[in-house]
Amino acid sequence: ARPSYSGGFFLSYRGSKAGVQVGLNYSQSGYRGKRQTIPFGDPNRANFNEQQYQFRAQSIEVPFSVQFYQNLSDKDDFFFALGSGISYNIINQDIITRFNGETSDREVSDIENDDFRRINYSFQTAMGWEHKFSDRIVMSLAPTFRLWLGGIKRDALLNRNLYQFGLRLTFRLERELEEY
Numbered sequence: 013a014r015p016s017y018s019g020g021f022f023l024s025y026r027g028s029k030a031g032v033q034v035g036l037n038y039s040q041s042g043y044r045g046k047r048q049t050i051p052f053g054d055p056n057r058a059n060f061n062e063q064q065y066q067f068r069a070q071s072i073e074v075p076f077s078v079q080f081y082q083n084l085s086d087k088d089d090f091f092f093a094l095g096s097g098i099s100y101n102i103i104n105q106d107i108i109t110r111f112n113g114e115t116s117d118r119e120v121s122d123i124e125n126d127d128f129r130r131i132n133y134s135f136q137t138a139m140g141w142e143h144k145f146s147d148r149i150v151m152s153l154a155p156t157f158r159l160w161l162g163g164i165k166r167d168a169l170l171n172r173n174l175y176q177f178g179l180r181l182t183f184r185l186e187r188e189l190e191e192y
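Quick note on my numbering: the sequence shown kicks off at 13 and runs consecutively.
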């Protein structure tokens, strides 16, 4: 596991029982390997005794979802969200951290490789709670799961599909739609 995050802006429309949401996010995800002993033949063995490998992908995403609401009180609602998304991969990086006791050194290198999938699609779902602070400000908190349907690389025998478990926190500014 490797901590990841995303942040962005959303447009949403909500009726009494259902709503839709579409957004634009910057996202950073990836994976981290286990801390391992540096092999004896490695030149870094002279200064360090362990190392850890990480992969980091940075993307621009357009997530969208349909949300279903159940009223709990005048200010609180429970919701279930089901959606998808598309992402464009900006950059991929290898991160190697080497350790020697309390000392560590981190090496970050961009991966210049055309084998990586530039466009990917995801399935996402969430279940959460929404609270109205006022007529204009709404906060929601939801555990979220996202699975990227395509592997990281376009064509590889051993390929990885990234998945994410997380907690989504959103603030929404409400506004009445005017009828003409």
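Each residue gets a CB set at the ideal place from its N, CA and C atoms; glycine is no exception.
Please tell me whether residue 64 and residue 108 are closer than 9 Å, where the distance is taken between their beta carbons. yes
So, is residue 55 buried or exposed, given that buried needs 16 or more other C-beta atoms within 10 angstroms? exposed
Do residue 139 and residue 90 have their CB atoms nearer than 9 Å? yes
Whole runs of the beta strand (DSSP E) within the segment 87-118, excluding any shorter than 3 residues: 88-112
Cβ separation of residue 174 and residue 43, assumed to be a contact under 8 Å, to the nearest whole Å: 7 Å
Classify residue 55 as helix, strand or coil using the three-state DSSP reduction. helix
From the DSSP output, in three-state form, read off residue 167 for me. coil
Can you tell me whether residue 3 is helix, strand or coil according to DSSP? Past the edges of the chain, shown from 13 to 192, lies residue 3, and the structure says nothing about it.
Have a look at 13, 125 and 19 and flag the residue whose alpha-carbon is nearest the alpha-carbon of residue 181. 19
Below 8 Å, how does it come out for the segment 117-127 and the segment 145-152: are there three or more Cβ pairs, yes or no? no
Alpha carbons only, please: which of 37, 135, 156 and 124 is nearest the one belonging to residue 95? 135
Considering Cα atoms alone, identify which of 184, 39 and 166 is closest to residue 153. 184
Let me make sure I understand the geometry here. Which of 73, 21 and 157 has the alpha-carbon closest to that of residue 137? 157
Would you please state the rounded distance, in angstroms, between the beta carbons of residue 176 and residue 16? I believe it to be under 8 Å. 6 Å
In chain order, what residues of the same chain lie with their CB nearer than 7 Å to the CB of residue 100, ignoring the 5 residues before and after it? 71, 72, 130 and 131
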